[in-house]
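Please read the structure below before turning to the comments.
Number of protein chains: 2
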Amino acid sequence: MGKYKMNIGRKKMTDDLRLNMDAYLPLREVVFHTLRDAILKGELEPGERLMELHLANQLGVSRTPIREAIRMLEQEGLAITVPRRGAQVARMTEKDLEDVLEIRDALDELAVSAASRRITEKDFKELEEAMRQFENAVAQGEVRQIVEADEAFHNVIYRAAGNPKLSTIVQNLKEQMYRYRYEYVKDNADYEMLIKEHKSILEGLRRKDTEYVKGVMHEHLEHQVEGVRTVIRRQKSMVD
Amino acid sequence: MGKYKMNIGRKKMTDDLRLNMDAYLPLREVVFHTLRDAILKGELEPGERLMELHLANQLGVSRTPIREAIRMLEQEGLAITVPRRGAQVARMTEKDLEDVLEIRDALDELAVSAASRRITEKDFKELEEAMRQFENAVAQGEVRQIVEADEAFHNVIYRAAGNPKLSTIVQNLKEQMYRYRYEYVKDNADYEMLIKEHKSILEGLRRKDTEYVKGVMHEHLEHQVEGVRTVIRRQKSMVD
DNA sequence: CAATTTTATTTTACAAATCAAAATATAACA
DNA sequence: TGTTATATTTTGATTTGTAAAATAAAATTG
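Going line by line, the protein sequences match chains U and C.
With the first sequence counted from 1, adding 6 to any position gets you my numbering.
With the second sequence counted from 1, adding 6 to any position gets you my numbering.
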C-alpha cells in the first residue's frame, strides 16, 4: 500500500522568511520562533513541506539549527515528519479540532475555578485593559489586533490561575488552531457577542461566581468551534 | 548576579546506556526513547548533566542525533537546557508537582466523562485484565509490574475517551512525575486501597455513574500526590 | 594562606563537507 | 499509454573544524 503517496504537500514555499536576530538566543531558538510564527500566521500553510536545505538557504543558516528547530516544532504538534520524507506543516482535521477543544474546555474550567480563587485586583485591571483593547480593535476593524487582544484577555485568566504548566499547555493547544482562528475572526466572528461574553466573564469573576463563568466560557469556546469548523471545511473542500 | 552558579548538577553520569536498535527508526528517535526511559526509570537522576560528547560515545552515535533528541526531551519538559551550558535532567519541585496534578485532575474528569459515554465492552475486558495483572503483581510484590499494571489500567480509560491528544498530554504529565511515582509505589503505597479504588472505578463506569467515578478518581490521584510529595521532600532534604 | 587573576580545558553552538539510502521526478522504452 | 530504468533531490547521519562561553586549574598577589 503506497500510503505515502497521498497527502504529501507540494505547495509553494514562502520566499520571504527573515530571522529576527536582535535577541541573543541560540540560533535554533530563533529559527524555531521564526518558523512557528510563520506557521501560526499562515505564511507557511498546512501541508507545506519544510525542507532543510531550502530553509537553511532562506534564513542564511546551516542545516543544523534548522533540524533542531524542526524537532521542536514536531514536539509542539505544529509539524509532522515522516522518516526519509521530511517535515511538513501539520494539518488539522475536524476531529483534531474537536479533540483540542474538548481538552481546552476542561482546562478552561480548571483555569476559571483556580483563577476565581486566586485572582488579584491587578489582574482585574489587566482584564479591563485587555477588554478596552479588544473593543478598540473591533472599532477599527483590525483583525490582527482583535485576535491579539482576545489572546491577552484570556492569558490574564490563565496567568491568574497561578499554574504555569496550565498556561503552557493551553498555549500549545491554542497554537494548533491559531491559523484557523485567525480566518474565523476575520470572516465569521460576531464581535458584539464576543464583547458581551468578555464582559460577562469579567463580571462573573468579580462576583466569584465560578459556575456562571464556566458556563459563559464554555459558550465562548463553543462559538469558536463553529467558526473554526467552517474554516476547516472550506480549506478541505479547496484541496479536494 | 551569577545566577548560573547555582543548581548546576555535577553528579555522576550513568555508565550503562544501551540503544535498542531493532526497530527501524531514525536514530534520533531511538536516542530520544533511550534517554527518556533512562530518565523515567531514574537511571539518569534529576539534575544530572546530559553531555553531548559523553552520550554520543556511550551510545556509539555522533552528536547530531544526541542533540536532536535533547531538543525533544526539552520540549517534553524532561530536560532543561541553559544556553552554552547544555542540558540536564529536569528537577521537579513540590509546586511543579501540585501544578501537574491539578491539571491531571481536570483531565481525568474529562477522560472519565468522555469514557463513560464511549466505553465499549472490549474496553471493559481490558480493564478487568489490567486489574488482574495489578493484583497479581501486588501478590508477588513486583514493583515494576505494579506500576506498569496501574499504568495500563488508566491508559485503557484514557483510550476509551477517544481523544488521542488527551492521551498524549496526560502521558506527558505522567512522565514528569514517573520517577517519583515509582519510589512512592515502592515505599509508601497502600496496595489494598489502590485495588479497591480500581474496582470502584470499573464498577462506576459500568453503572455509567460519571460523578461517582470522578470522585473515586480524584481520591485515587490525591493519594498519589501525598506519596509523591513525600518522595520529593526526601530527595530535597538529601540535596541540602 | 586566602583571594583574586590568569591560563588552560571542556563543552556547546554552528557550519560545512561528505556519503548512503530513500523518495521523487524525468527519460527511455516496449 | 503504461511501465521500467535512470537521474536528481532530500533526508539521515557522520566527521571535522571553529568560535565562544563556561568550568577547572594554576599562578600571582596582598
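Just so you know, even glycine gets a beta-carbon here, dropped at the ideal spot from N, CA and C.
Since the structure is predicted, the reported quantities are computational estimates derived from the model, not experimental observations.
- Query: If you count every other CB in all the chains shown that lies within 10 Å of the CB of residue 85 of chain U, and 16 or more means buried, which is it?
  - Reply: Position 79 of the first sequence, counted from the first residue, corresponds to residue 85 of chain U. Per the 10 Å Cβ criterion, buried.
- Query: CA-CA distance, residue 99 of chain C and residue 51 of chain U?
  - Reply: In the second sequence, the residue the question calls residue 99 of chain C occupies position 93. In the first sequence, the residue the question calls residue 51 of chain U occupies position 45. Spanning the two alpha carbons is a distance of roughly 39 Å.
- Item | Pick from C:152, C:173, C:211 that is closest to residue 189 of chain C, judged by C-alpha positions | Walking along the second sequence from the start, residue 189 of chain C turns up at place 183. Per the Cα distances, C:152.
- Item | Uninterrupted alpha helix (DSSP H) stretches inside the region 53–90 of chain U (no shorter than 4 residues) | 58–65, 69–82
- Task: Out of C:173, C:142, C:170, C:136, state which residue places its alpha-carbon closest to the alpha-carbon of residue 156 of chain C.
- Result: Position 150 of the second sequence, counted from the first residue, corresponds to residue 156 of chain C. The candidate whose alpha carbon is nearest that of residue 156 of chain C is C:136.
- Mind listing the chain C neighbours of residue 171 of chain U? Cutoff is C-beta to C-beta under 9 Å, in chain order. Counted from its first residue, the first sequence places residue 171 of chain U at position 165. Residues of chain C passing the Cβ test: 83, 102, 105, 106, 108, 109, 179, 182.
- Thinking just about the alpha-carbon of each residue, which of C:235, C:209, C:59, C:161 is nearest to the one in residue 186 of chain C? As a working note, residue 186 of chain C is residue 180 in the second sequence. Comparing Cα positions, the closest option is C:235.
- Query: How many angstroms separate the CA atom of residue 42 of chain C from the CA atom of residue 238 of chain C?
  - Reply: Position 36 of the second sequence, counted from the start, is the residue given in the question as residue 42 of chain C. Position 232 of the second sequence, counted from the start, is the residue given in the question as residue 238 of chain C. The straight-line gap from Cα to Cα measures roughly 20 Å.
- Message: Between residue 155 of chain C and chain U, is any beta-carbon pair separated by less than 8 Å?
- Response: Translated into positions along the second sequence, residue 155 of chain C becomes position 149. Not closer than 8 Å to any Cβ of chain U, the Cβ of residue 155 of chain C fails to qualify, so no.
- Query: So the alpha helix (DSSP H) residue 195 of chain C belongs to, where does it begin and stop?
  - Reply: Reading the second sequence from its first residue, position 189 is the one you call residue 195 of chain C. Premise fails: residue 195 of chain C is in no alpha helix (DSSP H) and is neither H nor E.
- Message: With H, G and I counted as helix, E and B as strand and the rest as coil, what does DSSP make of residue 93 of chain U?
- Response: Here residue 93 of chain U is taken as the residue at index 87 of the first sequence, counted from 1. Looking at residue 93 of chain U - three-state DSSP - the assignment turns out to be strand.
- Task: List the residues of chain C whose Cβ lies closer than 8 Å to the Cβ of residue 175 of chain U, in chain order.
- Result: Reading the first sequence from its first residue, position 169 is the one you call residue 175 of chain U. The contacting residues are 109, 175.
- Contact under 8 Å by Cβ, residue 197 of chain U with residue 162 of chain U: In the first sequence, counting from the first residue as 1, residue 197 of chain U sits at position 191. In the first sequence, counting from the first residue as 1, residue 162 of chain U sits at position 156. In this structure, residue 162 of chain U does not lie closer than 8 Å to residue 197 of chain U by Cβ.
- Message: Let me confirm a value: residue 30 of chain U is counted as buried when at least 16 other C-beta atoms fall within 10 Å, else exposed. Which label applies?
- Response: In the first sequence, residue 30 of chain U corresponds to position 24, counting from 1. By the 10 Å Cβ count, residue 30 of chain U comes out exposed.
- Beta-carbon of residue 211 of chain C versus every beta-carbon of chain U: anything under 8 Å? Counting from 1 along the second sequence, the entry for residue 211 of chain C is found at position 205. No, no contact with chain U.
- Item | Cβ-Cβ separation, residue 96 of chain C to residue 83 of chain C (assumed contact under 8 Å), whole Å | One-based indexing of the second sequence puts residue 83 of chain C at position 77. One-based indexing of the second sequence puts residue 96 of chain C at position 90. The pair is a contact, with the Cβ atoms about 6 Å apart (cut-off 8 Å).
- Would you give the residue range spanned by the alpha helix (DSSP H) that residue 124 of chain U belongs to? Counting from one through the first sequence, the residue named residue 124 of chain U turns up at place 118. Run containing residue 124 of chain U: 100–124, per the alpha helix (DSSP H) assignment.
- Query: By a C-beta neighbour count over all protein chains shown, 10 Å radius and 16 as the cutoff for buried, is residue 225 of chain U buried or exposed?
  - Reply: Locating residue 225 of chain U in the first sequence gives position 219, counting from the first residue. That one is exposed.
- Query: Expressed to the nearest angstrom, what Euclidean distance is found between the alpha-carbon atoms of residue 57 of chain C and residue 199 of chain C?
  - Reply: In the second sequence, the residue the question calls residue 57 of chain C occupies position 51. In the second sequence, the residue the question calls residue 199 of chain C occupies position 193. So the two alpha carbons sit approximately 42 Å from each other.
- Item | For residue 157 of chain C, the first and last residue of its enclosing alpha helix (DSSP H) | Locating residue 157 of chain C in the second sequence gives position 151, where the first residue counts as 1. Boundaries of the alpha helix (DSSP H) around residue 157 of chain C: 149–166.
- Message: On the criterion of 16 or more Cβ atoms from any shown chain inside 10 Å, does residue 7 of chain C qualify as buried, or is it exposed?
- Response: One-based indexing of the second sequence puts residue 7 of chain C at position 1. Note that residue 7 of chain C has pLDDT 28, beneath the 50 cutoff, so the model's placement of it is unreliable and no number is given.
- Task: Just mark residue 220 of chain C as buried or exposed, buried being the case when its beta carbon has 16 or more other beta carbons within 10 Å.
- Result: Walking along the second sequence from the start, residue 220 of chain C turns up at place 214. Residue 220 of chain C should be labelled buried.
- Query: If you compare alpha carbons, which of C:204, C:53, C:92, C:48 is closest to residue 69 of chain C?
  - Reply: Stepping through the second sequence from its first residue, residue 69 of chain C is reached at position 63. Selected option, being the one with the closest Cα: C:92.
- Message: Within 10 Å of its beta-carbon, does residue 126 of chain C have 16 or more other beta-carbons around it, so buried, or fewer, so exposed?
- Response: Residue 126 of chain C sits at position 120 when you count from the first residue of the second sequence. Result: exposed.
- Query: Which two residues bound the contiguous alpha helix (DSSP H) that contains residue 35 of chain U?
  - Reply: To locate residue 35 of chain U, count along the first sequence from 1; it is residue 29. Start and end: 33–47.
- Using three-state DSSP, classify residue 5 of chain C as helix, strand or coil. What is shown of chain C runs 7 to 246, which leaves residue 5 of chain C out entirely.
- Going along the region 121–150 of chain U in order, which residues come within less than 9 Å of chain C, judged by CB to CB distance? none
- Task: On a CA-only basis, which of C:36, C:88, C:78 is nearest residue 67 of chain C? Give me that one, please.
- Result: For the purposes of this step, residue 67 of chain C is identified with residue 61 of the second sequence, where counting begins at 1. Cα-wise, what sits closest to residue 67 of chain C is C:36.
- Task: Work out the CA separation of residue 45 of chain C and residue 146 of chain U for me, nearest whole Å.
- Result: The residue labelled residue 146 of chain U in the question sits at position 140 within the first sequence. The residue labelled residue 45 of chain C in the question sits at position 39 within the second sequence. Distance between the alpha carbons of residue 146 of chain U and residue 45 of chain C: 52 Å.
- Residue range of the alpha helix (DSSP H) that residue 142 of chain U falls in? Taking the first residue of the first sequence as position 1, residue 142 of chain U is located at position 136. First-last of the alpha helix (DSSP H) with residue 142 of chain U: 127–146.
- Chain-ordered residues of the region 56–81 of chain U with a beta carbon less than 7 Å from chain C: Against chain C - using a Cβ distance shorter than 7 Å - the residues of the region 56–81 of chain U are 73, 74, 77, 78, 81.
- Below 9 Å between beta carbons is the criterion; list the residues of the region 200–231 of chain C that meet it against any residue of chain U, in chain order. So the list is empty, because no residue satisfies the distance condition.
- Would you kindly work out how many angstroms separate the C-alpha atoms of residue 55 of chain C and residue 103 of chain C, rounded to a whole number? For the purposes of this step, residue 55 of chain C is taken as the residue at position 49 of the second sequence. For the purposes of this step, residue 103 of chain C is taken as the residue at position 97 of the second sequence. Near 22 Å, if we compare the C-alpha coordinates of residue 103 of chain C and residue 55 of chain C.
- Look up residue 178 of chain C in the DSSP assignment and say whether it is helix, strand or coil. As a working note, residue 178 of chain C is residue 172 in the second sequence. Residue state, collapsed to three classes: helix.
- Query: Would you say residue 191 of chain C and residue 149 of chain C are within 8 Å of each other, going by their C-beta atoms?
  - Reply: In the second sequence, counting from the first residue as 1, residue 191 of chain C sits at position 185. In the second sequence, counting from the first residue as 1, residue 149 of chain C sits at position 143. Yes; because the gap between Cβ atoms is below 8 Å, this pair is in contact.
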